[in-house]
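If you're matching them up, the sequences are chains A and B in order. The numbers in this note's numbering rise by one with no breaks, and the one at position 51 of the first sequence is 51. If you want this note's numbering, it's the 1-based position in the second sequence plus 1000. Here a beta-carbon is modelled for each residue, glycine too, at the ideal position from N, C-alpha and C. The structure displayed is predicted, hence computed values, not measured ones. Data block below; observations after.
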Amino acid sequence: MSDLVAKPEVLGQHLLSISDLEHDALVEHLEVAEAFCEVERRSVRKVPTLKGKVVASLFFEESTRTRLSFETAAKRLSADVLSLAVASSSVKKGESLRDTVETIEAMGIDAVVIRHSSAGAPHQVARWVDRARVLNAGDGWHAHPTQALIDLFTVRQALAAQEGRPSEGTGTELLAGRKVLIIGDIRHSRVARSQIDAYVLAGAEVSICAPGTLLPAGPADWPVTVVDDLDVALSQADVVSVLRMQEERGSGSFVPSLGEFTATYGMTERRAALLKPGALITHPGPMVRGVEISSTVADDERCLVRRQVTNGVPVRMAALFLSLSTPEEAVDG
Amino acid sequence: MGDRERRHTRPLGAVFVPHAEVLSAGDLSRALTRMAHEIVERNHGISDVVLIGLQTGGAPIAEALCDRLEQIEGSAPPLGLLDVAFYRDDIGLRPVLPEAVTDIPVDLTGKIVVIVDDVLFTGRTVRAALNALGDFGRARSVQLAVVVDRGHRELPVRPDFVGKNLPTAREEAVDVSLDGVRLGRLVGR
């Protein structure tokens, strides 16, 4: 046990972006999520872990699965959930984010799950709050840490299943050295930014492939390889992450036409056939079938999208548990 | 406390320094054999018995008891493993982390559940285990088997099968493995 080195920053922390996490914290999220997967398989899918804690979900941007799975996760942990419908709240009367957050904090809330269209909003909220923990459920183009954790967790489970062993306790060893290829609208994607941080932290090699207009500004500063020949990259990849064309952020106007994007960068049946045996496809959802991914490929058994949705709840239970189960002072003690 | 919790608990990176051997591997093996016989005697066989080892210290002990019950009765009882982290009452007071995944293979309704752990101390782990087991069915009865009862109870919990009653000081630590039982202290580096 003498080799156990403490990483006190794992527990009782905000979850704002993957880049804040140490390798230890990443592993802890994956392993704790594994324990919550077992809770999901029981007939009584609820544990009393966070009884008496109050979790507020603040979604300033629309969402189906993230909001549902965060709220389900909090309820499975016996926390009370307050969900602020921004459309019918005082935000519509012109209340500032700071005042909304201070109202929430004054009510003694323990955790704030926030999605906002402005990058950095959750960080700003984290600076304002005193005792509440802040979990980022997506901010602008910047970060979507729980989605990246779900992707790594799902890929780790699938890789463990291929080797016929349990994924529990494997840390990041199954992910280390894997070739991960991210395709599509990387420029506007907070999922891509968080995925890159997470896969690199896990020791994987990440490359990205997109039309020039949908590549981020200055990809040379990122720990990734930009590839030009999609077909060659596909034939070498262990994991392919297909991203959604984000019409609400105007992705469509960055390419000549959606049809041309599909032909040159879409995950079509022809491209899926280039993948090596055992390669996996992930998609953060919602999928736009026929644009970035063909309907046949989306339903292919190599495509993990349904398992990603299922794993959303246990991974977010782990995130809430790790943020809320220990007050910061008990760790810093 | 398991390894993963200890990583986040002060003193950080503490090591166990033994100062006395309480049971040798042979002593422990004989104690486990006696406890297995007591389980059979108390329950008139093992037909409805289910062993539940508490993660992580109780898991190897439960497996060892399961082997002995098989030798005595000719068939092994179902064996489950339970991690009680999510049911603890000190969440938020100290770092609490699940150490391993719970695996309970049978519905516990109507069964005689024998909770197996390495050390009985405050009784709070057993309290958490009783709450957790309630989510897996209504057992006919629940019994408790521990290798070491070291005293200092904070809750009205009493063991049914004990390997060794061991008076200890609160700040001492007890290390149990199939290689034997040692008394010592946790020393920070």
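Could you tell me the boundaries of the alpha helix (DSSP H) in which residue i lies?
i	result
VAL297(A)	295–298
GLY1074(B)	From DSSP, GLY1074(B) is part of no alpha helix (DSSP H); its letter is neither H nor E.
GLY312(A)	305–324
ALA237(A)	Note, ALA237(A): premise wrong, no alpha helix (DSSP H); not H, not E.
GLY1134(B)	1124–1134
GLY259(A)	258–265
Using a C-beta cutoff of 7 angstroms, does residue i count as contacting chain A?
i	result
PRO1095(B)	yes
THR1109(B)	no
ILE1091(B)	yes
PRO1156(B)	no
VAL1192(B)	With chain B covering 1001 to 1189 only, the question about residue 1192(B) has no answer from this structure.
PRO1098(B)	yes
PHE1086(B)	yes
So with Cβ pairs under 7 angstroms, would you call residue i a contact of chain E?
i	result
VAL44(A)	No chain E is present in this structure, whose protein chains are A and B.
Measuring CB to CB, does residue i end up less than 7 angstroms from residue j?
i	j	result
LEU1166(B)	VAL1022(B)	yes
ALA143(A)	SER194(A)	yes
VAL232(A)	SER207(A)	no
PHE153(A)	ASN311(A)	yes
LEU16(A)	PRO122(A)	yes
MET245(A)	GLU173(A)	no
HIS23(A)	LEU149(A)	no
GLY1057(B)	LEU1081(B)	no
ALA56(A)	VAL125(A)	no
LEU1186(B)	ALA1020(B)	no
SER1146(B)	VAL1162(B)	The question names Ser, yet the displayed sequence has Val at residue 1146(B). Closer than 7 angstroms, so yes.
ARG1068(B)	ALA1036(B)	yes
THR326(A)	LEU11(A)	yes
SER1141(B)	ILE1104(B)	no
How many angstroms separate the CA atom of residue i from the CA atom of residue j?
i	j	result
GLN13(A)	PHE321(A)	10 angstroms
VAL1096(B)	ALA79(A)	17 angstroms
TYR1087(B)	LEU1155(B)	15 angstroms
PRO1077(B)	VAL226(A)	57 angstroms
HIS29(A)	ALA318(A)	6 angstroms
LEU324(A)	ARG316(A)	12 angstroms
ARG1153(B)	GLU168(A)	33 angstroms
ASP300(A)	THR1033(B)	53 angstroms
ASP238(A)	ALA158(A)	11 angstroms
VAL1157(B)	LEU1120(B)	9 angstroms
ILE18(A)	ILE1091(B)	25 angstroms
ALA1139(B)	PHE60(A)	47 angstroms
GLY52(A)	VAL81(A)	10 angstroms
ALA273(A)	ALA1132(B)	47 angstroms
CYS37(A)	PRO256(A)	43 angstroms
SER89(A)	ARG307(A)	34 angstroms
GLY218(A)	ALA192(A)	15 angstroms
ASP1107(B)	VAL44(A)	12 angstroms
SER1075(B)	ASP1048(B)	12 angstroms
ASP1071(B)	LEU1028(B)	Contrary to the premise, residue 1071(B) reads as Gln rather than Asp in this sequence. So the alpha carbons of these two residues sit roughly 17 angstroms apart.
ALA1059(B)	ILE1115(B)	10 angstroms
ILE186(A)	PRO1098(B)	36 angstroms
Answer yes or no: does any C-beta atom of chain B fall closer than 7 angstroms to that of residue i?
i	result
SER2(A)	In this prediction, SER2(A) scores a pLDDT of 29, lower than 50, which makes its location untrustworthy; the coordinate-derived value is nonetheless stated afterwards. It does; some Cβ of chain B falls within 7 angstroms.
ASP332(A)	Because ASP332(A) carries a pLDDT of 44, less than 50, the predicted location of this residue cannot be relied on, and the following value inherits that uncertainty. With 7 angstroms as the cut-off, ASP332(A) does not count as an interface residue toward chain B.
GLU247(A)	no
VAL101(A)	no
LEU11(A)	yes
LEU15(A)	no
ALA6(A)	Residue placement at ALA6(A) cannot be trusted, given a pLDDT of 41 that sits under 50; the coordinates are not used to answer.
Could you check where the beta strand (DSSP E) with residue i kicks off and where it finishes?
i	result
PHE1016(B)	1015–1024
GLN1143(B)	1141–1149
SER69(A)	Careful: SER69(A) lies outside any beta strand (DSSP E), inside the alpha helix (DSSP H) at 65–76.
PHE59(A)	54–59
ASN1043(B)	Looking at the DSSP string, ASN1043(B) is not in any beta strand (DSSP E), and its letter there is neither H nor E.
ASP1103(B)	Here ASP1103(B) belongs to no beta strand (DSSP E), and DSSP marks it neither H nor E.
LEU82(A)	80–85
VAL291(A)	Here VAL291(A) belongs to no beta strand (DSSP E), and DSSP marks it neither H nor E.
ARG1182(B)	1180–1187
ARG115(A)	111–116
ALA137(A)	133–139
PHE1161(B)	1161–1165
GLY1053(B)	1049–1054
SER207(A)	205–209
Exercise for the section: Quick one: which residues of the region 18–42 of chain A get their C-beta closer than 9 angstroms to a C-beta of chain B? List them in chain order. Expected result: ASP24, GLU28, GLU31, VAL32, GLU34, ALA35, PHE36, CYS37, GLU38, VAL39, ARG42
Handout entry: Contact set between the region 1131–1150 of chain B and chain A, restricted to residues whose Cβ is under 9 angstroms from the partner
Key = ASN1131, ALA1132, GLY1134, ASP1135, PHE1136, GLY1137
Exercise for the section: Residues of the region 312–326 of chain A with a CB closer than 9 angstroms to any CB of chain B: list them in chain order, please. Expected result: PHE321, LEU322, LEU324, SER325, THR326
Problem - Against chain B: residues of the region 43–63 of chain A by CB proximity under 7 angstroms - result: VAL44, VAL47, PRO48, THR49
Problem - Contact set between the region 157–191 of chain A and chain B, restricted to residues whose Cβ is under 7 angstroms from the partner - result: GLU168
Exercise for the section: Using a Cβ-Cβ cut-off of less than 9 angstroms, list which residues of the region 1110–1121 of chain B approach chain A; keep chain order. Expected result: none
Problem - Near-chain A residues of the region 1069–1083 of chain B (beta-carbon distance less than 7 angstroms), N- to C-terminal order - result: Residues of the region 1069–1083 of chain B with a C-beta less than 7 angstroms from any C-beta of chain A: ASP1083, listed in chain order.
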